[in-house]
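Residue numbers (UniProt numbering): 1 to 923. Note that CB positions come from ideal geometry on N, CA and C, so glycine has one too. Structure first, then comments.
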């Protein structure tokens with residue numbers, strides 16, 4: 001059967017001729033070196049150019065990432081090798097390496113070495129730790145050396161391909177080649193090593209349109225692949241898949257099976273000739289460089305072929321080899337005193353279970369863990385999980401288990417689904433659409449391009465249970481079969497399966513729903529839609545755990561998404577072990593890690609969402625103290641801060657909740673535990689706003705908030721408190737607060753002393769001039785002595801009131817008043833602010849009584865007789881008439897005044913005319 005690989009194009013970009021491509025090992029970057037002398041770095045996720053380097057005006061024929069140095073190195077037709085830092089775009093080094101065009105550069109996987117080959121028929125090694133010194137030159141080829149590549153299994157050796165029709169294998173430190181492979185009829189353009197450990201193979205491509213596979217131990221040609229119609233320009237063994245990929249100037253990329261050497265697929269993206277292919281270990285991506293641009297494809301899926309049963313036994317397939325481990329062994333070997341950290345790589349003893357007769361693309365345990373279904377190459381094989389014995393086989397594109405461990409479905413083609421029971425065919429049916437994938441679980445799920453249909457495992461008529469119009473990627477059934485997750489490219493849906501409704505409809509019971517063409521309408525209820533792409537997922541009870549496209553490990557309960565951990569690399573869920581309260585994941589290198597997920601926390605949240613707080617309270621003791629804060633935050637998000645306060649253990653968080661609830665006694669107790677000035681100040685502000693002045697005072701004192709304490713003491717009229725505060729503030733160096741406190745108390749002499757102590761002598765002088773004139777001379781003398789240190793003339797200009805009494809005419813009066821009041825400023829006898837509440841209340845009561853008396857009097861007047869009301873109305877009318885008469889008189893007077901003004905104006909005009917006439921007569 002053919003090797004069935006889904007091939008998807010992930011990146012495509014038009015450009016000038018691309019002579020070489022390379023992929024970054026960790027970033028989603030593609031490096032393309034062009035014939036026009038430019039080297040570009042593209043982001044393959046969003047098809048954007050990140051960096052562009054104008055290396056030279058001549059063709060750049062080879063470029064490579066050196067990720068460990070954050071460099072890229074390029075060899076061009078001007079015979080130079082140039083090195084750039086791809087982050088800063090600075091040129092690190094440029095040197096002339098050969099005497100002719102540079103065809104290829106290759107980096108050593110671990111050592112600071114760079115290989116270069118050229119049309120000068122030489123191969124050179126450069127050491128960048130030695131200032132890019134050439135440490136060795138290899139001579140032996142008689143024509144252009146087109147490509148060099150290191151042996152991944154023995155990095156001390158490398159192979160070279162030349163237009164002299166040979167392939168030579170060299171060792172670092174030896175000038176002569178180890179051996180030469182001959183067999184191509186024309187020049188050899190490309191060479192690559194097999195990455196696996198079982199076959200010592202080299203693959204080559206040449207101008208004779210052939211691809212050859214060589215055994216470099218026997219030095220024989222193992223196989224010749226024919227099919228290309230023009231020169232083969234690039235070829236390689238895929239590091240992750242059992243395929244050989246070749247590119248040719250005929251414009252095609254051909255994919256060959258590396259075991260059967262059968263041609264599996266031919267790709268042509270219409271960009272003219274293929275010049276280069278790029279790949280990287282650990283990825284299924286392949287980059288292709290064309291005459292007219294760059295394309296990147298993905299072969300198959302990158303998710304590891306692995307499965308874990310309920311007991312923690314993991315089976316995975318790597319190529320055709322099958323391995324097994326038991327994750328429980330990592331915890332038993334760790335011991336009681338050692339704990340395995342979340343995300344830590346588990347140390348496991350890997351056991352080789354056997355091999356598979358096909359290339360596995362999926363591997364799935366049965367629900368009871370006894371059997372394993374392996375599918376690939378258009379076939380399936382059922383193995384026993386312990387001994388790995390072949391139990392059954394057949395043709396199938398994909399398979400899926402039922403909830404019953406003896407039943408599974410196999411998709412034989414796009415038009416036929418076969419159901420197996422005890423590894424014997426139970427039934428088969430043909431869906432009325434093109435079936436692209438089959439899913440197992442409580443129902444058989446069959447996916448088409450735009451929808452998914454569900455069928456009952458035991459329905460002899462194979463009627464559709466329900467058709468759901470969604471572009472489905474995967475299905476995940478809960479263990480109970482009551483809940484289903486349907487994932488799409490951008491979101492996932494959580495549905496509830498109504499089994500009773502479907503059974504009643506299929507049985508034709510009276511009053512049951514009809515089985516329409518699209519199935520039973522009420523078969524599913526949509527509970528939640530969450531806009532996140534699910535990569536892998538697994539149910540744990542009523543909780544769905546998944547990792548998204550951003551590689552965050554999340555779980556969802558009742559539509560609420562909680563992030564457990566941020567993963568540092570792509571990882572895929574295997575399953576959950578309740579005995580260890582851990583969820584297990586595997587990466588592309590088949591490294592297994594685990595993360596803690598407490599089932600008690602999940603169960604508690606589930607019960608809270610259902611509104612069953614009594615059952616939730618029973619589960620609460622099972623939750624560890626360390627997790628109670630996360631549970632409390634969940635309750636706070638659900639609008640239950642009181643319950644959150646009762647559960648939370650973090651004092652800071654409990655204080656925030658108590659403040660949010662306005663629970664001041666609890667907040668005060670927590671603030672005492674924290675002993676934080678900030679928290680005391682925060683509590684003091686709230687108690688002030690609530691009017692609890694007594695508690696506010698103790699809070700402000702604990703917070704050492706002297707300004708707030710001053711405000712509170714003065715508002716309360718607490719003279720003793722203000723006096724104590726003044727002494728405390730002065731001792732603490734808070735002179736502003738101490739000054740205000742003393743001034744409020746009327747102790748102006750002490751205010752002067754405080755200003756002098758604080759070094760503010762000028763202010764002390766002015767203050768003394770206003771409030772303590774008897775001390776002015778003393779303070780001025782201090783000021784003068786202090787000012788002499790800075791400006792003697794300014795100091796001499798200061799006038800002492802005792803010496804220059806004429807400059808201070810009111811000084812005598814001020815001294816008399818000071819003597820009269822005894823050297824202090826009396827405090828007004830106003831009551832404290834707190835007493836205004838009582839005074840204000842009495843005044844309001846008096847005002848209310850007066851208003852009531854007025855209302856009663858008016859009512860008595862109105863009720864007592866209408867005569868008074870009539871007389872009052874007549875009086876009002878008389879007043880209005882008088883006002884109108886007065887207004888008329890005023891208007892008449894204004895009119896008379898205006899008439900008089902007009903007459904005067906006319907007389908003035910006549911006089912002016914007479915004067916003008918007289919002047920004319922004189923003239």
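Open item on the list: Please state the DSSP three-state secondary structure of residue 23.
Closed with: One-based indexing of the chain shown puts residue 23 at position 23. Residue 23 carries a strand assignment under DSSP once its states are collapsed to helix, strand and coil.
Open item on the list: By the three-class DSSP mapping on this structure, what secondary structure does residue 924 have?
Closed with: Residue 924 is absent from the structure shown; the chain starts at 1 and stops at 923.
Task: 8 Å Cβ cutoff met for residue 293 and residue 271 - done: As a position in the chain shown, residue 293 is number 293, starting the count at 1. As a position in the chain shown, residue 271 is number 271, starting the count at 1. Less than 8 Å divides the Cβ of residue 293 from the Cβ of residue 271.
- [ ] Compare the beta carbon distance of residue 475 and residue 527 with 8 Å and say whether it is the shorter of the two.
- [x] Along the chain shown, one-based indexing puts residue 475 at 475. Along the chain shown, one-based indexing puts residue 527 at 527. With respect to residue 527, residue 475 sits apart: the two C-beta atoms are not nearer than 8 Å.
Task: When 735, 736, 734, 746 are compared against residue 719, the one with the closest alpha-carbon - done: For the purposes of this step, residue 719 is taken as residue 719 along the chain shown, with counting starting at 1. Cα-wise, what sits closest to residue 719 is 746.
Open item on the list: Let's see if you can read the secondary structure: which residues bound the alpha helix (DSSP H) around residue 605?
Closed with: Along the chain shown, read from residue 1 onward, the residue named residue 605 stands at position 605. First-last of the alpha helix (DSSP H) with residue 605: 599–610.
- [ ] Tell me whether residue 13 sits in a helix, a strand or coil according to DSSP, three-state version.
- [x] Along the chain shown, read from residue 1 onward, the residue named residue 13 stands at position 13. Here DSSP, grouped into helix, strand and coil, assigns residue 13 to strand.
- [ ] Just the C-alpha distance for residue 284 and residue 633, rounded to the nearest angstrom, thanks.
- [x] Numbered from its first residue, the chain shown carries residue 284 at position 284. Numbered from its first residue, the chain shown carries residue 633 at position 633. Straight-line Cα distance between these residues: approximately 42 Å.
- [ ] Give the secondary structure of residue 256 by DSSP, where H, G and I count as helix, E and B as strand, and everything else as coil.
- [x] Within the chain shown, numbered from 1, the residue matching residue 256 stands at position 256. Residue state, collapsed to three classes: strand.
Task: Helix, strand or coil at residue 930 [DSSP, three-state] - done: Given that the chain is displayed from residue 1 to residue 923, the structure contains no residue 930 and the question cannot be resolved.
Task: Buried or exposed by the 16-neighbour rule on C-beta atoms within 10 Å, applied to residue 789 - done: Sequence index remark: in the chain shown, residue 789 carries index 789 (1-based). It counts as exposed.
TODO: Would you mind reading off the limits of the beta strand (DSSP E) that contains residue 42?
DONE: For the purposes of this step, residue 42 is taken as the residue at position 42 of the chain shown. First-last of the beta strand (DSSP E) with residue 42: 38–43.
TODO: For residue 533, name the three-state secondary structure that DSSP assigns.
DONE: Counting from one through the chain shown, the residue named residue 533 turns up at place 533. Per DSSP, reduced to three states, the secondary structure at residue 533 is coil, with no helix or strand assignment.
Task: Segment limits, beta strand (DSSP E) that includes residue 285 - done: Here residue 285 is taken as the residue at index 285 of the chain shown, counted from 1. 285–290 is the span of the beta strand (DSSP E), which, as asked, contains residue 285.
Open item on the list: Can you find the residues in the same chain that come closer than 6 Å, C-beta to C-beta, to residue 172, ignoring five residues on each side of it along the sequence?
Closed with: Position 172 of the chain shown holds residue 172. Cβ neighbours of residue 172 beyond the five flanking positions: 156.
Task: Start and end residues, beta strand (DSSP E) containing residue 734 - done: In the chain shown, counting from the first residue as 1, residue 734 sits at position 734. DSSP places residue 734 outside any beta strand (DSSP E), giving it a letter other than H or E.
Task: Length of the line joining the Cα atoms of residue 784 and residue 760 - done: Taking the first residue of the chain shown as 1, we reach residue 784 at position 784. Taking the first residue of the chain shown as 1, we reach residue 760 at position 760. Taking the straight line from one Cα to the other gives about 13 Å.
TODO: Rounded to whole angstroms, what's the CA-CA distance from residue 130 to residue 92? Just pull it up for me.
DONE: Within the chain shown, the letter at position 130 stands for residue 130. Within the chain shown, the letter at position 92 stands for residue 92. Per the coordinates, the alpha-carbon of residue 130 lies some 14 Å from the alpha-carbon of residue 92.
Open item on the list: I'd like to know whether the C-beta atoms of residue 11 and residue 30 end up nearer to each other than 8 Å.
Closed with: As a first step, residue 11 is located in the chain shown; it is residue number 11 there, counting from the start. As a first step, residue 30 is located in the chain shown; it is residue number 30 there, counting from the start. Yes, these two residues count as a Cβ contact at 8 Å.
Open item on the list: Rounded to whole angstroms, what is the Cα-Cα separation between residue 389 and residue 85?
Closed with: Residue 389 sits at position 389 when you count from the first residue of the chain shown. Residue 85 sits at position 85 when you count from the first residue of the chain shown. Using only the alpha carbons, I get a separation of about 54 Å.
Task: Backbone secondary structure at residue 401 - three-state DSSP - done: Stepping through the chain shown from its first residue, residue 401 is reached at position 401. Three-state result, residue 401: strand.
Task: Distance, residue 488 Cα to residue 391 Cα - done: Here the question's residue 391 lines up with position 391 in the chain shown. Here the question's residue 488 lines up with position 488 in the chain shown. Taking the straight line from one Cα to the other gives about 34 Å.
Open item on the list: Considering Cα atoms alone, identify which of 553, 132, 563, 142 is closest to residue 572.
Closed with: By one-based count along the chain shown, residue 572 stands at place 572. Looking at the Cα atoms, 553 is the closest of the given residues.
Task: According to DSSP, residues forming a beta bridge with residue 472 - done: Translated into the one-based positions of the chain shown, residue 472 becomes position 472. Beta-bridge pairing links residue 472 to no other residue.
- [ ] For residue 14, collect the residues of the same chain with a Cβ closer than 7 Å to its Cβ; drop the 5 residues on either side in sequence, then sort them by chain order.
- [x] Here residue 14 refers to the residue found at position 14 when the chain shown is read from its first residue. Within the same chain, 292, 293 come within 7 Å of residue 14 by CB-CB distance, once the 5 residues on both sides are set aside.
Task: Coarse secondary structure for residue 447, derived from DSSP in three states - done: Residue numbering aside, residue 447 sits at position 447 when the chain shown is read from its first letter. Looking at residue 447 - three-state DSSP - the assignment turns out to be strand.
Task: Exposure of residue 628, with buried meaning 16 or more beta-carbon neighbours within 10 Å - done: Mapped onto the chain shown, residue 628 falls at position 628. Sixteen is the threshold: when 16 or more other Cβ atoms of the shown chains lie within 10 Å of the Cβ of residue 628, as they do, the residue is buried.
- [ ] List the residues that DSSP assigns as beta-bridge partners of residue 375.
- [x] Locating residue 375 in the chain shown gives position 375, where the first residue counts as 1. Note: residue 375 sits in a beta bridge opposite 362, 380.
Open item on the list: Let's test the definition: count the other Cβ atoms within 10 Å of the Cβ of residue 120 and tell me whether it reaches 16, buried, or not, exposed.
Closed with: Counted from its first residue, the chain shown places residue 120 at position 120. Buried is the call here.
Task: Neighbourhood of residue 907 by C-beta, 7 Å cutoff - its chain only, sequence neighbours within 5 removed - done: For the purposes of this step, residue 907 is identified with residue 907 of the chain shown, where counting begins at 1. Contacts found: none.
Open item on the list: Output needed for residue 163: all residues of its chain with C-beta closer than 6 Å, excluding positions within five of it in sequence on either side, in chain order.
Closed with: As a first step, residue 163 is located in the chain shown; it is residue number 163 there, counting from the start. Spatial neighbours of residue 163 in its own chain (CB-CB distance under 6 Å, excluding positions within 5 residues in sequence) are listed in chain order as 143, 144, 187.
Task: Ordered list of beta strand (DSSP E) runs contained in the region 52–99, each at least 3 residues - done: You should have 60–66, 71–76, 80–85, 91–96.
- [ ] Report the option in 533, 425, 50 whose CA atom is closest to the CA atom of residue 473.
- [x] Mapped onto the chain shown, residue 473 falls at position 473. Measuring from the Cα of residue 473, the nearest candidate turns out to be 533.
Task: Under the three-state DSSP convention, the category residue 264 falls into - done: Start at 1 with the first residue of the chain shown, and residue 264 comes out as number 264. Note: residue 264 maps to strand in three-state DSSP.
TODO: Mind listing, in chain order, the continuous beta strand (DSSP E) runs of no fewer than 3 residues lying wholly within the region 465–520?
DONE: Those beta strand (DSSP E) runs which fall completely within the region 465–520 and span 3+ residues are 474–477, 483–487, 492–497.
Open item on the list: Checking 8 Å against the spacing of the C-beta atoms, do residue 257 and residue 239 come in under that value?
Closed with: Within the chain shown, the letter at position 257 stands for residue 257. Within the chain shown, the letter at position 239 stands for residue 239. Not closer than 8 Å, so no.
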